[in-house]
Amino acid sequence: MESVDTELGQLNLCDQLRSNSSFMKLMATLFHYGNQPMGAAQLVIAVRALELLPLRGETPKSTIQGIISTSRKMARDLQKPDPFAIHKDASGRGAKYAIAEDVLNGATVPPMKEIPDEPIILKSVQHPAGFNSLKRQKKPQRLGKFKKKRNAYGESDDDDNDEIDIDAEDDDYYGLTSRRSNKAPIHEEDTIFNYSLLFSPPPNDDSYIDPIDFVKYPVASYFAIVQQKGYAYPRFRSQERVKIPKVKCEDKYRVTDVLDRAAKQVVGRMFILADGHGGPGCAEYFVKHTPMALQDLCNQFHPDQFDDPAVQQQFEKQAKQLVETLDQHYLEIKREQLGRVPSSAPPTPPAKPTATTPPASSPTTAESPEQNTSDSLDDSHLDNDGCTLIINLFFGRWLVNINVGDSRSILISAPEPDRLPAPATAFPSSSSAATPNTPTNGSGTNGNGMDTLVGGVDKNYLMDVAFASQDHKPYLEHLAREILENGGEFIDSVQNRVIKVELSSLKEDGNRQAKRYALKNARIRPSSQYLVQQHLIQQQQQREAAAATAASNGYLSQSAVRSTATDPPQPLHDTPASSHAPSSTPASASSSPPPPPLRPMSFTRRSHLPSLNVARSCGDLDFKMNGQKHIISCEPDVTFMPIADDLPTAANDAQLADLSTVTAAATSTAHKSRRRHFLLMSTDGTFDYMYEETPDRQNRAIAKMLGPMIEDGEKLAKYLMEQEANVQTIAHQPGSPMDVDRPSDDKPTPNKETDDGQSPSKTPSSPAVSPTTTDPATDTGNDDGANNENAQDPIPDPPKPRLVRPLSDQENKVREAKEKTLSYAARYFADREANNGFFSSTLQDYDDCTIILVEI
Numbered sequence: 000m001e002s003v004d005t006e007l008g009q010l011n012l013c014d015q016l017r018s019n020s021s022f023m024k025l026m027a028t029l030f031h032y033g034n035q036p037m038g039a040a041q042l043v044i045a046v047r048a049l050e051l052l053p054l055r056g057e058t059p060k061s062t063i064q065g066i067i068s069t070s071r072k073m074a075r076d077l078q079k080p081d082p083f084a085i086h087k088d089a090s091g092r093g094a095k096y097a098i099a100e101d102v103l104n105g106a107t108v109p110p111m112k113e114i115p116d117e118p119i120i121l122k123s124v125q126h127p128a129g130f131n132s133l134k135r136q137k138k139p140q141r142l143g144k145f146k147k148k149r150n151a152y153g154e155s156d157d158d159d160n161d162e163i164d165i166d167a168e169d170d171d172y173y174g175l176t177s178r179r180s181n182k183a184p185i186h187e188e189d190t191i192f193n194y195s196l197l198f199s200p201p202p203n204d205d206s207y208i209d210p211i212d213f214v215k216y217p218v219a220s221y222f223a224i225v226q227q228k229g230y231a232y233p234r235f236r237s238q239e240r241v242k243i244p245k246v247k248c249e250d251k252y253r254v255t256d257v258l259d260r261a262a263k264q265v266v267g268r269m270f271i272l273a274d275g276h277g278g279p280g281c282a283e284y285f286v287k288h289t290p291m292a293l294q295d296l297c298n299q300f301h302p303d304q305f306d307d308p309a310v311q312q313q314f315e316k317q318a319k320q321l322v323e324t325l326d327q328h329y330l331e332i333k334r335e336q337l338g339r340v341p342s343s344a345p346p347t348p349p350a351k352p353t354a355t356t357p358p359a360s361s362p363t364t365a366e367s368p369e370q371n372t373s374d375s376l377d378d379s380h381l382d383n384d385g386c387t388l389i390i391n392l393f394f395g396r397w398l399v400n401i402n403v404g405d406s407r408s409i410l411i412s413a414p415e416p417d418r419l420p421a422p423a424t425a426f427p428s429s430s431s432a433a434t435p436n437t438p439t440n441g442s443g444t445n446g447n448g449m450d451t452l453v454g455g456v457d458k459n460y461l462m463d464v465a466f467a468s469q470d471h472k473p474y475l476e477h478l479a480r481e482i483l484e485n486g487g488e489f490i491d492s493v494q495n496r497v498i499k500v501e502l503s504s505l506k507e508d509g510n511r512q513a514k515r516y517a518l519k520n521a522r523i524r525p526s527s528q529y530l531v532q533q534h535l536i537q538q539q540q541q542r543e544a545a546a547a548t549a550a551s552n553g554y555l556s557q558s559a560v561r562s563t564a565t566d567p568p569q570p571l572h573d574t575p576a577s578s579h580a581p582s583s584t585p586a587s588a589s590s591s592p593p594p595p596p597l598r599p600m601s602f603t604r605r606s607h608l609p610s611l612n613v614a615r616s617c618g619d620l621d622f623k624m625n626g627q628k629h630i631i632s633c634e635p636d637v638t639f640m641p642i643a644d645d646l647p648t649a650a651n652d653a654q655l656a657d658l659s660t661v662t663a664a665a666t667s668t669a670h671k672s673r674r675r676h677f678l679l680m681s682t683d684g685t686f687d688y689m690y691e692e693t694p695d696r697q698n699r700a701i702a703k704m705l706g707p708m709i710e711d712g713e714k715l716a717k718y719l720m721e722q723e724a725n726v727q728t729i730a731h732q733p734g735s736p737m738d739v740d741r742p743s744d745d746k747p748t749p750n751k752e753t754d755d756g757q758s759p760s761k762t763p764s765s766p767a768v769s770p771t772t773t774d775p776a777t778d779t780g781n782d783d784g785a786n787n788e789n790a791q792d793p794i795p796d797p798p799k800p801r802l803v804r805p806l807s808d809q810e811n812k813v814r815e816a817k818e819k820t821l822s823y824a825a826r827y828f829a830d831r832e833a834n835n836g837f838f839s840s841t842l843q844d845y846d847d848c849t850i851i852l853v854e855i
């Protein structure tokens, strides 16, 4: 190997550039080959040929370009001439580099030499999955080590173990074998789960979805819930790209009916969605207690009274008090947990149930044993958490939306299908009146009931946004004013600096849509003044706790004198200390040692302060330490909307013949024609990853995307279900080996009958045509080996549909088709990584996402 001059003393280079050894070796390479323009790939080959730099990484060209960029920037900062002359082709691409004339300084350049070509290595064809391109490969061995003697059959001698090892490494390097060939395939956990009443019922021990009585109250009887647990990818490119799911999903939901206890009738249905942050405890608490409290509130009103604005105002006032009462009770639990030893007594039980407090039990919900426990949370998880809250209450023919936080409800409307007239029993007030959408032979539709097309799109599925709840974000001026007045401040979510906002500049004109775009990426945290006040309150609480303990031990006078002499009292604001302190020490603790000081609320360092990007939430004790002024309040927005001209009745089999005409409710309010509605409830995990950034454009994009999905489902579901039924009929011919052909001395399987002793095909838990409700264990158990395995590891029972009565074959087909359509549509919006045309791509993290899609 010929020597290469890496000093280059004749070149005009400053000392700072010469101190960079990689830069000097790159300049020596260019000078050695006659300063001919060379691209990054050619420089990699030339540097490796001269053995100046190892360049062992996966991206050697990027390494070369990084050296060039760093040296050029250093030269600019030092006001020195650019060390490189850049040459580009006509297209502006393929930059080539050479030493600049100012740097050569008249030095004699050696004659140009031919750049060695990159060695060509012939590799055998292999399957792409058998080669891990993300792993760094071994450095090739010297050619002398590759030349080993082999016999005529291509096998090495048995007595030469070293040759076998070297040959194995040789084949491994050239891709002839795979390091992953002997490894088991990596199983990735499916992070998306979908639930409905019949198509995909939840597990039997799940208590978040109650059995729905869709006969007595058919409004909002078709729905699907899709939930994706958040996950992340490894941070390093050398690691395998596998999903790392979160330990727990912080989103919680609840679906249950609203009962009229006096008439013993179902008069409504509620859908609750809570997006937790900092832990799942707060979301779990609210979905557990809100149905019981809301049931008591609905018992005081009749849905027909909502036409009166005064009744709506009274309901709105009590609904806000309901949310505030639940929030205060949860904050008391957190105060007691964070201010006591984990092994102390349980917290004070909740107050007597009223219209705005959660009762101890309620017949409207089927609570699990875990939900009947104390309100105290697990001491091992003392997360200071919070949640957003969405409640959509269907009450009679009204929809009441209660919203706290940045989760969103979108009410999407579409024209009522006009292929068949509406049943006379469903809408007696308007069934005989002709509407502009009534099909006629001269209005663009044929007389045999075909769809009316507008530009190739069925107009019955052109969906619009009828209502959308407002996200409680910091950039809303009326919320930003509340935050500043109550002791909060705004910080930039990227640079972590305080954003100065003058309180006088925020308008107070009642415009709830006004936005301050400087706070678009802002987060909320307690201000310095607020922290000082809370620190003084904590000191006062510690002194009072120490004084109470000393008084019980007979040392009250000494303790009082000592505390007065060493720590004079500090002035506090008007908030009473008793509203922040936990319950006083019981009398039975008089002989015990003084209790430890109260746990501080993590306000010691400014860099570790809690911050939120939502302007209203439930829980979040860090922002509600002051009992009278909460930095972030939990006051909800309450909206009333009519969703039906009159309550419909359950459709019979004749009306279920056409899937597109199965509409539970429709209204002509605020429209010239009757329309049906869909309700989409979602956490911010959906909207934070969309290409569209503004809420209005996001809502319209969702409505536009939902229309074709509903159209495909309603038009193709009937055909697909008939084909599936035909396949099942052929597969279950008498000649096929089934349980009915087995000898009579075989014992029946334990899951052959239900708890009621009926056949599975005649119970709601096992519909005749639903493949999701058949028992997979019915064909096992006759084999001796299988019996032994089942005795050791029994197969759990399949999920049972959450139905209140058995369904006929036609009802079963319609319900399964409807729920399947809603499930697939909701799954599209939940699978954010797969749908890059609708969502923007991200590299690492995906938050929890829960979607509830309801056909009203």
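Residues in the sequence shown are numbered consecutively from 0, following numbering that gives the first Met the number 0. Note that CB positions come from ideal geometry on N, CA and C, so glycine has one too.
Where does the unbroken alpha helix (DSSP H) through H288 begin, and where does it stop? G280 to C297
Please go through the same chain and pick out, in chain order, the residues whose beta-carbon is closer than 8 Å to the beta-carbon of A413, but skip the five residues on each side of it. N459, Y460, L461, M462, D463, R674, R675, H676, F677, G706 and I709
Going by other Cβ atoms of all chains shown within 10 Å of its Cβ, with 16 needed for buried, is R240 buried or exposed? exposed
Residues that V858 bridges to, as DSSP identifies them: Look at the range of the chain in this structure, 0 to 855, and you will see that residue 858 is not part of it.
When the Cα atoms are used, what is the spatial distance from N193 to G229? 15 Å
Can you tell me the Cβ-Cβ gap for G618 and D326, rounded? I've got them flagged as a contact below 8 Å. 7 Å
Distance check for R801 and P694, CA to CA, integer angstroms please. 35 Å
Contacts around F213, its chain only, beta-carbon distance under 6 Å, and the 5 residues preceding and following it disregarded: S220
Continuous alpha helix (DSSP H) stretch holding V43: start and end: A39 to L49
CB contact flag (P201, P798, <8 Å): yes
Roughly how many angstroms separate the alpha carbons of A84 and G56, rounded to a whole number? 26 Å
Reducing DSSP to helix, strand and coil, say where A833 ends up. coil
For E484, tell me which candidate among L77, L852, K519 and K628 has the shortest Cα-Cα distance. K628
7 Å CB neighbourhood of V43 in its chain, flanking five on each side removed: Cβ contact annotation for V43 (same chain, cutoff 7 Å, sequence separation greater than five): L54, P59, K60 and I63, in chain order.
Cα separation between S578 and N625? Confidence at S578 is low in this model, with a pLDDT of 38, below 50, so its placement is unreliable and no value can be given for it.
By DSSP, does E476 sit in helix, in strand, or in coil? In the structure shown, E476 adopts helical secondary structure according to DSSP, grouped into three states.
Looking at C-beta atoms only, is the number of pairs between the region 4 to 23 and the region 69 to 78 that lie closer than 8 Å three or more? yes
Among S199, Q469, P110 and N834, the one whose alpha carbon lies nearest that of Y690: N834
Please state whether the Cβ-Cβ distance between T685 and C848 is less than 8 Å. yes
Around the Cβ of S840, are there at least 16 other Cβ atoms within 10 angstroms (buried) or fewer (exposed)? exposed
Hey, how far is the Cα of Y232 from the Cα of I243? 6 Å
Determine, using beta carbons only, whether A924 and V265 come nearer to each other than 8 Å. Any answer about residue 924 is impossible in this case: the structure gives the chain only from 0 up to 855.
Mark T682 as exposed unless 16 or more other C-beta atoms lie within 10 angstroms of its C-beta, in which case mark it buried. The residue in question, T682, is buried, as its Cβ has 16 or more Cβ neighbours within 10 Å.
Report the option in V403, S610, G486 and D808 whose CA atom is closest to the CA atom of V493. Relative to the Cα of V493, the nearest Cα in the group V403, S610, G486 and D808 belongs to S610.
For R407, collect the residues of the same chain with a Cβ closer than 7 Å to its Cβ; drop the 5 residues on either side in sequence, then sort them by chain order. A467, S468, D470, S681 and F686
Using 8 Å as the cut-off, can you tell me whether the region 102 to 111 makes contact with the region 44 to 53, which would need three or more C-beta pairs spanning the two stretches below that distance? No, the region 102 to 111 is not in contact with the region 44 to 53.
Tell whether a beta-carbon distance below 8 Å holds between E476 and K514. yes
Using the rule of at least 16 other Cβ atoms within 10 Å of the residue's Cβ for burial, across every protein chain shown, is F314 buried or exposed? buried
Neighbour-count burial assignment, F235, 16 or more Cβ in a 10 Å radius: exposed
Give the single residue among V613, N495, I411 and R496 whose Cα lies nearest to the Cα of L478. V613
When you compare only the Cα positions, how much space is there between I401 and L852? 17 Å
What did DSSP end up calling F235 once you bin it into helix, strand or coil? DSSP places F235 outside both helix and strand once states are collapsed to three, so it counts as coil.
Count the other C-beta atoms from every protein chain shown that fall within 10 angstroms of the C-beta of L620, then say buried if there are 16 or more, exposed otherwise. L620 is buried by the Cβ-count criterion.
Hey, out of D306, L196 and W397, whose CA is closest to L646's CA? W397
Compute the distance between the beta-carbons of I271 and Y284, then report whether it is under 8 Å. no
Using 10 angstroms around the beta-carbon of S856, count the other beta-carbons present and answer buried if the total reaches 16, otherwise exposed. The structure shown does not extend to residue 856, since the chain is modelled only from 0 to 855, so the question has no answer here.
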